[in-house]
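A.B. asks: Okay, handing you the structure first.
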Amino acid sequence: MSWLPVLSVLVPLTTAVLGLAASGSARVQRGLTLFGSTVFLAVALALLSAVWQHGPVAAQMGDWAAPFGITLIADTLSAAMVLITAITGLACAVYAAGDIDDGRRRQGFYPMLQFLLAGVSGAFVTGDVFNLYVWFEVMLISSFALMSLGAGRRQIDGAVKYVALNLVSTLLFLAAIGLLYGMTGTLNFADLHGAVQEVDNPGLLAAVAVMFLVAFGIKSAVFPLFFWLPASYHTPPMAIAAVFSGLLTKVGVYALIRIFTIVFTDEALGDHFAYVQGLLLWIAGLTMVTGVLGAACQSDIRRILSFHIISQIGYMVMGLALYTTLGLVGAVFYLLHHIVVKANLFLVAGVIERLTGSFELKRIGGLYAVSPLLAVLFLIPAFSLAGFPPLSGFWAKFVLVRAGLEVESWWIVAAALVVGLLTIFSMTKIWGEAFWKPHPGGTAALSLPAGRRAGVAVGPLVAPIAALALITITIGLFAQPLYLLAERAAAELLDPTAYITAVFGSLPVEPAVVEPTPAAEAP
Amino acid sequence: MQSLILRTATRLVVALMLIFSLFLLWRGHNLPGGGFIGSLVAATAFALYSMADGPAAVRRALRIDPRLIAVIGLMTALIAGLWAALAGVPFLTGLWNKIPLGEGAELPLGTPLLFDIGVYLTVLGGVLSLLLALEESEVDDDRLD
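Sequence lines, in order, name chains L and G.
In case it helps, the working numbering puts the first sequence at residues 1 to 523.
In case it helps, the working numbering puts the second sequence at residues 1001 to 1145.
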């Protein structure tokens, strides 16, 4: 069982390495990737079921006891995030079969995708801040490679902005880690939980907390720090953009949730906690509003969707900022539902471009007549994003609004509701322009050549879209299981006793059972 | 760069550096050194060689594509970590196997060394594929002028 957290990193990593070894044949690489992604999904399911049955599962690398060694640990939140990562990874790997051109495949698209998944998964199961940084770097490097594959001029432009701004974030992150280590002498989450409460300098601790907030804020694209996202996300092919939009910013949100529930808690920060919480609440509100307004004035589908990522991040931060059980339930629910929906919208956008020849709303139209199925498949994630009942987004927003009302934080509730309305505006704009309006080039421009061209490869494109849409509907109609999952995740976050026992409880009771240690045996 | 002095000196220095890099790899287990440092020294040796004789000579000397070296290295490191699964201990746990050399002496061989060799090959392959790609694009540019 303790191998499960390790396997959730090792499976994508091994798939990537085998994929690199098979770089001569794109077909072998594709087969390997599909196989590896399926195994990854199975491991993620096993991990979640183990965590559900036995509580947090920890593994000590190299048998070095925590807090001295490297700990991998999965609690309910981590396990659920790994599962969603595996689902998104598999969907995009299938979609890529019809979307990614031969040139990008030869340059190593498939292995890079798996490296990215390993990085994301590693960030979710790591048990210490420094390895969180390491996995962030793995993600950054592989996403930079994915973004610049093919090396179009616009793509390189986007990739450089992306990397430059993310490097600022990782640098700040590293500096904050150094300061934290200086104050506490440990970097293990479970160990930090107690250690920060003994730091006799709440002011300095709060300053470090804000440094982490800024570093993760850049990663998750919150209000004043989001500018890298719309500058880069519209450039790569949609299979890549879907993975990015689904997973990357959400790792930032996950890191925020993790660090503010186990390290910088209200007990650790004391009087300064209210300040940080207020800051988070303002950030949440402004992120929602600016994101949705940014989307309203765009006319490229990819840019509209990119700005909506930002606005949706606001909701998740709102859940964290409320810092109540219900708020965290909302944040976790939102996080899980949103990854599926957002990745799916990008995948749909790819098919729209395939059928009409453009992402620009002014130049496309008439899709409803050509493909009613696609229209339905677009409506499901789009309405879910806006929060229509009975889709998954409705429940996510419902829980958050309830949580906001509970603590009488009226203005953030108002912002959440208004932003939901404006999201409908953006989604109906895409609907009206792309699906209902006749194609500006006449129906001939659309249905004949493009339709036939799309008919060839549309199978692998539509299958993952339909599968993700099905997940959205299932969450919407049967929200209770996911709600229970989110509730348990939130309870574990607010009371990390189980997490800490899992990390330290797996210490070997008798030192004698340990294999001869390298230090004692080596020449 | 065409320089008789550089080429003659390189021939001597490269051999020394490669031996030194292996020495660093070996001693790195308990003393300063290790796979990462060792491979950087080896990569420096090949960089020097490519300055003196050109990237094509380096590729000939390596015999295999540096990217493949990196892949082999990654696999070696993974195997070293997974070895622990056979013994039923956590991932990456160091396992030791002593080979008796007679007269009471023994040679301990373990997975940490295997892991270090994996790191060595990965870094060497990675650095060299970057380096050679850059050098070769420079050669192309020269030809264009």
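For each residue, glycine too, the CB sits at the ideal point set by N, CA and C.
Here the structure is a predicted model, which is why all the values come from computation and not from measurement.
Indicate whether at least one CB of chain L lies closer than 8 Å to the CB of G:Leu1134.
C.D. replies: On the second sequence, position 134 is the one that residue 1134 of chain G refers to. No, no contact with chain L.
A.B. asks: Strictly below 7 Å CB to CB, what residues from chain L border G:Leu1092?
C.D. replies: Residue 1092 of chain G sits at position 92 when you count from the first residue of the second sequence. Residues of chain L passing the Cβ test: Met61 and Gly62.
A.B. asks: The alpha helix (DSSP H) with L:Leu356 in it runs from where to where?
C.D. replies: For the purposes of this step, residue 356 of chain L is identified with residue 356 of the first sequence, where counting begins at 1. Sequence inspection shows Thr at residue 356 of chain L; the Leu mentioned does not correspond to that position. Here the alpha helix (DSSP H) through L:Thr356 covers Thr325 to Thr356.
A.B. asks: Would G:Ala1080 and G:Leu1121 qualify as a contact pair, given that the criterion is a beta-carbon distance under 8 Å?
C.D. replies: Reading the second sequence from its first residue, position 80 is the one you call residue 1080 of chain G. Reading the second sequence from its first residue, position 121 is the one you call residue 1121 of chain G. Not closer than 8 Å, so no.
A.B. asks: Is DSSP giving L:Thr71 helix, strand or coil here?
C.D. replies: On the first sequence, residue 71 of chain L is found 71 positions in, with the first residue counted as 1. Looking at L:Thr71 - three-state DSSP - the assignment turns out to be strand.
A.B. asks: With burial defined as no fewer than 16 other Cβ atoms inside 10 Å of the residue's Cβ, what is the status of L:Gly365: buried or exposed?
C.D. replies: Taking the first residue of the first sequence as position 1, residue 365 of chain L is located at position 365. Buried, because 16 or more other Cβ atoms sit within 10 Å of the Cβ of L:Gly365.
A.B. asks: For L:Leu77 and L:Gly122, what's the separation of their Cα atoms in angstroms?
C.D. replies: Start at 1 with the first residue of the first sequence, and residue 77 of chain L comes out as number 77. Start at 1 with the first residue of the first sequence, and residue 122 of chain L comes out as number 122. Their backbone Cα atoms lie some 13 Å apart in a straight line.
A.B. asks: Determine the burial state of L:Leu10: buried for a count of at least 16 other Cβ atoms within 10 Å of its Cβ, exposed for fewer.
C.D. replies: Taking the first sequence and counting its residues from 1, one reaches residue 10 of chain L at position 10. L:Leu10 should be labelled buried.
A.B. asks: Skipping 5 residues on each side, what residues in its chain have a beta carbon closer than 6 Å to that of L:Phe124?
C.D. replies: Your numbering for residue 124 of chain L matches position 124 in the first sequence. If we look at L:Phe124 and ignore the five residues flanking it on each side, its Cβ neighbours are Ser78, Met81 and Val82.
A.B. asks: Below 8 Å, can you find three or more Cβ-Cβ pairs linking the segment 203-213 of chain L to the segment 84-100 of chain L?
C.D. replies: Verdict: no, contact absent.
A.B. asks: Starting from G:Val1127, find everything on chain L with Cβ-Cβ shorter than 9 Å and list it in chain order.
C.D. replies: The sequence position of residue 1127 of chain G within the second sequence is 127, counting from 1. By Cβ distance, chain L contributes nothing, its closest Cβ being about 14 Å from G:Val1127, past 9 Å.
A.B. asks: Is L:Glu408 helix, strand or coil by DSSP?
C.D. replies: What you label residue 408 of chain L is simply residue 408 of the first sequence in a count that begins at 1. L:Glu408: coil per DSSP, three-state reduction.
A.B. asks: Using the beta-carbon count (16 or more within 10 Å), is L:Cys92 buried or exposed?
C.D. replies: For the purposes of this step, residue 92 of chain L is identified with residue 92 of the first sequence, where counting begins at 1. L:Cys92 comes out buried.
A.B. asks: Measure from the alpha carbon of L:Ile84 to the alpha carbon of each residue in L:Thr287, L:Asn344 and L:Leu391, then state which is nearest.
C.D. replies: Working through the first sequence from its first residue, we reach residue 84 of chain L at position 84. Out of L:Thr287, L:Asn344 and L:Leu391, L:Asn344 has the C-alpha closest to the C-alpha of L:Ile84.
A.B. asks: Quick check on the DSSP output: the alpha helix (DSSP H) that includes L:Gly285 runs from which residue to which?
C.D. replies: For this step, residue 285 of chain L is matched to residue 285 along the first sequence. Start and end: His272 to Ala296.
A.B. asks: Under a Cβ-count criterion, where at least 16 other Cβ atoms within 10 Å of its own Cβ denotes burial, should L:Gly158 be classed as buried or exposed?
C.D. replies: By 1-based counting over the first sequence, the position of residue 158 of chain L is 158. Looking at its Cβ environment, which holds 16 or more other Cβ atoms inside 10 Å, L:Gly158 is buried.
A.B. asks: Does the beta-carbon of L:Leu335 have 16 or more other beta-carbons within 10 angstroms, so that it is buried, or is it exposed?
C.D. replies: For the purposes of this step, residue 335 of chain L is taken as residue 335 along the first sequence, with counting starting at 1. L:Leu335 comes out buried.
A.B. asks: Could you tell me the distance, in whole angstroms, from the CA atom of L:Ser169 to the CA atom of L:Phe227?
C.D. replies: Taking the first residue of the first sequence as position 1, residue 169 of chain L is located at position 169. Taking the first residue of the first sequence as position 1, residue 227 of chain L is located at position 227. The alpha-carbon atoms of L:Ser169 and L:Phe227 are separated by roughly 13 Å.
A.B. asks: Comparing alpha-carbon positions, which option in L:Pro224, L:Ile100 and L:Phe189 lies nearest L:Ile310?
C.D. replies: Start at 1 with the first residue of the first sequence, and residue 310 of chain L comes out as number 310. For the residues L:Pro224, L:Ile100 and L:Phe189, the minimum Cα distance to L:Ile310 belongs to L:Pro224.
A.B. asks: Here's the rule: buried if 16 or more other CB atoms are within 10 angstroms of the residue's CB, otherwise exposed. What is L:Asn131?
C.D. replies: Counting from 1 along the first sequence, the entry for residue 131 of chain L is found at position 131. That one is buried.
A.B. asks: Taking only the alpha-carbon atoms, compute the straight-line gap between G:Pro1090 and G:Val1123 and give it to the nearest angstrom.
C.D. replies: Position 90 of the second sequence, counted from the start, is the residue given in the question as residue 1090 of chain G. Position 123 of the second sequence, counted from the start, is the residue given in the question as residue 1123 of chain G. The straight-line gap from Cα to Cα measures roughly 25 Å.
A.B. asks: Can you name the residues of chain L whose CB is closer than 9 Å to the CB of G:Ala1121?
C.D. replies: Here residue 1121 of chain G is taken as the residue at index 121 of the second sequence, counted from 1. A quick correction: the sequence has Leu, not Ala, at residue 1121 of chain G. Simply none; closest approach about 12 Å.
A.B. asks: Can you tell me whether G:Leu1109 is helix, strand or coil according to DSSP?
C.D. replies: In the second sequence, residue 1109 of chain G corresponds to position 109, counting from 1. In this structure, G:Leu1109 counts as strand in the three-state DSSP scheme.
A.B. asks: Which term fits L:Glu353, buried or exposed, when burial requires 16 or more other beta carbons within 10 angstroms of its beta carbon?
C.D. replies: As a first step, residue 353 of chain L is located in the first sequence; it is residue number 353 there, counting from the start. Buried, by the Cβ-count rule.
A.B. asks: Taking C-beta pairs closer than 9 Å, name the residues in chain G that L:Ser78 reaches, listed in chain order.
C.D. replies: Along the first sequence, one-based indexing puts residue 78 of chain L at 78. Neighbours of L:Ser78 on chain G: none; closest Cβ ~17 Å, over 9 Å.
A.B. asks: How should L:Asn166 be labelled, buried or exposed, when 16 other C-beta atoms within 10 angstroms of its C-beta is the threshold for buried?
C.D. replies: Reading the first sequence from its first residue, position 166 is the one you call residue 166 of chain L. Counting Cβ neighbours within 10 Å, L:Asn166 comes out buried, since at least 16 surround it.
A.B. asks: Counting only Cβ pairs nearer than 9 Å, list the residues of chain A close to G:Met1075.
C.D. replies: No chain A is present in this structure, whose protein chains are L and G.
A.B. asks: What residue range does the beta strand (DSSP E) around G:Trp1096 cover?
C.D. replies: Residue mapping note: residue 1096 of chain G aligns to position 96 of the second sequence, counting from 1. Taken as a continuous stretch (DSSP letters only), the beta strand (DSSP E) holding G:Trp1096 covers Trp1096 to Gly1102.
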